[in-house]
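Accompanying notes for the structure given below.
Protein chains: 2
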Amino acid sequence: MSNDMDSTQIDCGLAIHGGVGTLARGALTPEVEAAYRESLEEALEAGGSALRGGGTSLDAVVAAVRVLEDSPLYNAGRGSNYDERGVITMDASIMSSHLRDAGAVAGVAGVRSPIELARRVMEDTEHAFLIGEGAEALARSLALDFEDAEFFHTDRRWAELQAAKARGAGRPNVLGALEPEDRSGTVGAVAIDSAGALAAATSTGGMANKTWGRVGDSPVIGAGTYASHLCAVSCTGWGEYFIRHAAAYDVHARMEYAGCDLGDAVKAVIWDSLHAAAPRSGGLVAIDGAGRVELCFSTPGMYRGWLDLSGRSHVAIF
Amino acid sequence: MSNDMDSTQIDCGLAIHGGVGTLARGALTPEVEAAYRESLEEALEAGGSALRGGGTSLDAVVAAVRVLEDSPLYNAGRGSNYDERGVITMDASIMSSHLRDAGAVAGVAGVRSPIELARRVMEDTEHAFLIGEGAEALARSLALDFEDAEFFHTDRRWAELQAAKARGAGRPNVLGALEPEDRSGTVGAVAIDSAGALAAATSTGGMANKTWGRVGDSPVIGAGTYASHLCAVSCTGWGEYFIRHAAAYDVHARMEYAGCDLGDAVKAVIWDSLHAAAPRSGGLVAIDGAGRVELCFSTPGMYRGWLDLSGRSHVAIF
Numbered sequence: 004m005s006n007d008m009d010s011t012q013i014d015c016g017l018a019i020h021g022g023v024g025t026l027a028r029g030a031l032t033p034e035v036e037a038a039y040r041e042s043l044e045e046a047l048e049a050g051g052s053a054l055r056g057g058g059t060s061l062d063a064v065v066a067a068v069r070v071l072e073d074s075p076l077y078n079a080g081r082g083s084n085y086d087e088r089g090v091i092t093m094d095a096s097i098m099s100s101h102l103r104d105a106g107a108v109a110g111v112a113g114v115r116s117p118i119e120l121a122r123r124v125m126e127d128t129e130h131a132f133l134i135g136e137g138a139e140a141l142a143r144s145l146a147l148d149f150e151d152a153e154f155f156h157t158d159r160r161w162a163e164l165q166a167a168k169a170r171g172a173g174r175p176n177v178l179g180a181l182e183p184e185d186r187s188g189t190v191g192a193v194a195i196d197s198a199g200a201l202a203a204a205t206s207t208g209g210m211a212n213k214t215w216g217r218v219g220d221s222p223v224i225g226a227g228t229y230a231s232h233l234c235a236v237s238c239t240g241w242g243e244y245f246i247r248h249a250a251a252y253d254v255h256a257r258m259e260y261a262g263c264d265l266g267d268a269v270k271a272v273i274w275d276s277l278h279a280a281a282p283r284s285g286g287l288v289a290i291d292g293a294g295r296v297e298l299c300f301s302t303p304g305m306y307r308g309w310l311d312l313s314g315r316s317h318v319a320i321f
Numbered sequence: 004m005s006n007d008m009d010s011t012q013i014d015c016g017l018a019i020h021g022g023v024g025t026l027a028r029g030a031l032t033p034e035v036e037a038a039y040r041e042s043l044e045e046a047l048e049a050g051g052s053a054l055r056g057g058g059t060s061l062d063a064v065v066a067a068v069r070v071l072e073d074s075p076l077y078n079a080g081r082g083s084n085y086d087e088r089g090v091i092t093m094d095a096s097i098m099s100s101h102l103r104d105a106g107a108v109a110g111v112a113g114v115r116s117p118i119e120l121a122r123r124v125m126e127d128t129e130h131a132f133l134i135g136e137g138a139e140a141l142a143r144s145l146a147l148d149f150e151d152a153e154f155f156h157t158d159r160r161w162a163e164l165q166a167a168k169a170r171g172a173g174r175p176n177v178l179g180a181l182e183p184e185d186r187s188g189t190v191g192a193v194a195i196d197s198a199g200a201l202a203a204a205t206s207t208g209g210m211a212n213k214t215w216g217r218v219g220d221s222p223v224i225g226a227g228t229y230a231s232h233l234c235a236v237s238c239t240g241w242g243e244y245f246i247r248h249a250a251a252y253d254v255h256a257r258m259e260y261a262g263c264d265l266g267d268a269v270k271a272v273i274w275d276s277l278h279a280a281a282p283r284s285g286g287l288v289a290i291d292g293a294g295r296v297e298l299c300f301s302t303p304g305m306y307r308g309w310l311d312l313s314g315r316s317h318v319a320i321f
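Chains as they are written, first to last, in the working numbering: chain A, 4 to 321; chain B, 4 to 321.
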């Protein structure tokens with residue numbers, strides 16, 4: 004069922020994704036492809052550098068995701084999608100296998116790094132999930148970086164909003180008029196550190212032209228992100244289906260209760276559950292307690308990368 | 004480990020809870036206890052009436068939850084807890100075993116019935132989760148009932164806010180200063196209809212004195228609410244832990260992958276996972292595909308009720 008690249012098994016401590024909302028092969032010029040590959044390499048280097056420097060898996064996934072948030076190429080942080088009002092609101096979540104601690108934010112505007120804010124929710128509050136202006140107020144009280152609308156703006160996402168509105172014109176629901184690439188932009192990372200702690204992080208700007216207030220799976224612990232002693236998982240795809248199938252936790256559950264290994268659990272979630280419910284609905288990256296990585300998707304492509312045992316980086320798109 | 008009432012097994016189509024944030028036995032006067040029992044009976048009658056009238060399990064759980072939302076006794080809808088700003092914001096979610104469809108709202112103010120809004124998110128949009136003003140905008144566009152602050156206000160919840168603030172004064176984190184009853188108020192229902200469809204619904208005002216923007220498990224599909232062909236689950240308790248353990252979905256997962264029956268799955272989630280991570284962290288009501296009900300909690304009490312095979316109602320608190 005899966006293609007050559009979607010279940011690569013290697014031993015390493017870090018894997019990342021930049022979403023399944025890839026450009027069509029034909030639309031991806033050599034220059035644009037090179038830019039994507041370069042930023043994926045940069046994210047791997049940031050995460051790998053954190054791990055090599057003695058950082059935790061939490062440090063590694065935040066470092067990797069921050070690079071992708073700051074890149075205008077990905078639908079997270081800078082370069083996020085616009086909602087139906089032409090406003091950018093972002094969602095993110097993070098989780099550690101240590102005590103299964105977790106933090107998440109949804110519907111935040113102006114915060115430069117939503118994943119950093121999610122980590123602060125986890126570490127600096129007794130809460131797991133803050134939304135909207137309340138989450139922004141926490142970011143301000145912690146003196147996190149805010150940026151103006153111009154920082155987050157990209158001409159490409161603005162054009163995608165206009166195109167999504169045009170396709171949806173006159174239709175009773177907007178989502179039906181979306182292309183897969185409109186709803187599948189997300190970035191994420193999973194890692195294991197030398198102490199054996201696993202972590203997962205996910206960050207997104209949500210769907211293009213999304214309904215005001217719409218939240219997908221990215222900030223939902225158990226849906227877009229999960230981490231336990233068995234695995235760490237970060238998802239990307241059609242968020243509503245990942246929520247309804249508790250996709251990220253389901254990888255853990257299949258390992259814990261059904262005795263699956265990581266590869267079997269990941270394939271079952273992406274193909275047997277999600278693809279069966281909604282064809283080509285997305286993908287995920289995951290890592291197990293032995294540092295084995297899975298990168299699996301039912302879409303034509305997923306921006307992704309991983310470090311192998313020797314620390315060498317690998318990136319792929321289709 | 005569990006007390007007499009926490010794993011009652013009966014055959015019926017409906018079970019409800021009014022939260023584990025029960026008053027202490029000593030503080031519950033006969034008059035107050037009678038009022039709680041009366042409103043639980045009323046909720047069972049509303050849900051049971053829907054089922055007897057040919058309604059779906061979704062109709063039944065919404066009818067039951069609306070009674071509890073409208074009652075000032077419970078921390079949901081009217082009578083909700085105040086956040087740290089003295090504002091009431093509410094969360095709710097609903098799910099059906101049919102296609103595992105789901106809807107949720109978080110951080111909504113002024114909406115009389117958050118569970119009704121969650122159902123409309125599920126049925127009238129292609130989304131699963133809407134938050135804040137965007138969710139309120141949907142409610143207005145659907146002409147759902149809004150009420151002013153006076154409708155939602157109760158002197159009791161206002162006094163609880165002041166008490167929570169007093170206990171939390173000068174402490175770096177507020178949550179540590181909370182009593183279990185401050186963080187465990189939630190209402191919910193599970194049902195199965197004559198067609199065999201299962202549904203679950205959960206609604207809450209959140210913790211007393213909660214941080215601006217804080218969201219617990221109630222609106223998180225997989226944490227506070229889940230429904231599949233195997234079971235429907237509605238949780239109440241310390242939301243952060245229910246999120247981190249994907250509590251509602253975990254009941255389903257233990258049944259599907261580990262072959263547990265509903266009783267074993269529910270006990271494992273409440274005691275082995277949640278109580279082990281955070282003692283006395285909460286409870287849940289659940290129903291399986293044969294209409295068997297479980298009502299389980301690690302707290303001193305949980306407002307709860309169920310219908311038996313003959314349609315007779317039962318309510319209990321401790």
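The C-beta atom is built at its ideal place from N, Cα and C for all residues, glycine as well.
Inter-residue Cα distance where the pair is residue i and residue j
| i | j | result |
| --- | --- | --- |
| ASN84 of chain A | LEU164 of chain A | 7 Å |
| ARG88 of chain A | ALA211 of chain A | 11 Å |
| GLY294 of chain A | ARG69 of chain A | 22 Å |
| HIS156 of chain B | GLY240 of chain B | 22 Å |
| THR128 of chain A | ALA140 of chain A | 13 Å |
| ALA249 of chain A | ALA200 of chain A | 22 Å |
| HIS232 of chain A | THR228 of chain B | 24 Å |
| ARG160 of chain A | GLY82 of chain A | 7 Å |
| SER100 of chain B | ASP196 of chain B | 11 Å |
| ALA235 of chain A | ALA166 of chain A | 35 Å |
| VAL318 of chain A | PRO75 of chain A | 18 Å |
| ALA131 of chain A | ASP311 of chain B | 37 Å |
| GLY188 of chain A | THR207 of chain A | 7 Å |
| GLU41 of chain B | TRP309 of chain B | 13 Å |
| ALA203 of chain A | GLY292 of chain A | 13 Å |
Close Cβ partners of residue i (< 8 Å) along its chain, the five nearest in sequence each way excluded
| i | result |
| --- | --- |
| ALA142 of chain A | VAL111, VAL114, LEU120, ARG123 and PHE149 |
| ASP151 of chain B | GLY113 |
| VAL35 of chain B | LEU26 |
Cβ-based burial, residue i [other Cβ within 10 Å; buried from 16]
| i | result |
| --- | --- |
| GLU297 of chain B | buried |
| GLY314 of chain A | exposed |
| ALA66 of chain A | buried |
| GLU3 of chain B | There is no way to answer for residue 3 of chain B, as the model of chain B reaches only from 4 to 321. |
| ALA49 of chain A | buried |
| ARG331 of chain A | Only positions 4 to 321 of chain A appear in this structure, which leaves residue 331 of chain A out of reach. |
| THR92 of chain B | buried |
| PRO282 of chain B | exposed |
| VAL90 of chain A | exposed |
Neighbouring residues, chain E, relative to residue i (Cβ below 8 Å)
| i | result |
| --- | --- |
| LEU201 of chain B | Although the question refers to chain E, the structure presented lacks it and instead comprises the protein chains A and B. |
Residue-chain proximity (residue i, chain B), Cβ-Cβ < 8 Å
| i | result |
| --- | --- |
| ARG247 of chain A | yes |
| ASP104 of chain A | yes |
| THR302 of chain A | no |
| GLU129 of chain A | yes |
| ARG123 of chain A | no |
| TYR252 of chain A | yes |
| ALA95 of chain A | no |
| GLU34 of chain A | no |
| ARG257 of chain A | yes |
C-beta neighbour in chain A for residue i, strict 8 Å
| i | result |
| --- | --- |
| PHE132 of chain B | yes |
| GLY135 of chain B | yes |
| ALA198 of chain B | no |
| GLU126 of chain B | no |
| TYR85 of chain B | no |
| ALA79 of chain B | no |
| ALA18 of chain B | no |
| GLY110 of chain B | yes |
| TYR260 of chain B | yes |
| GLU297 of chain B | no |
| ARG138 of chain B | A quick correction: the sequence has Ala, not Arg, at residue 138 of chain B. So yes, ALA138 of chain B belongs to the interface. |
| GLU243 of chain B | yes |
Close-in-space but distant-in-sequence residues of the same chain around residue i (CB under 6 Å, 5 per side omitted)
| i | result |
| --- | --- |
| MET305 of chain B | HIS20, VAL23 and GLY286 |
Beta-carbon contacts of residue i that lie in its chain and below 7 Å, excluding the five residues immediately before and after
| i | result |
| --- | --- |
| VAL218 of chain B | ASP94, ALA109 and GLY110 |
| ILE118 of chain A | VAL65, VAL68, ARG69, GLU72, ALA95, ILE97, ALA204 and SER206 |
| TYR244 of chain A | LEU277, ALA280, ALA281 and SER284 |
Check: If contact means a Cβ-Cβ distance below 8 Å, which residues of the segment 214-234 of chain A contact chain B?
Finding: The segment 214-234 of chain A vs chain B, Cβ under 8 Å: THR214, TRP215, GLY216, ARG217, VAL218, GLY219, VAL223, ILE224, GLY225, ALA226 and TYR229.
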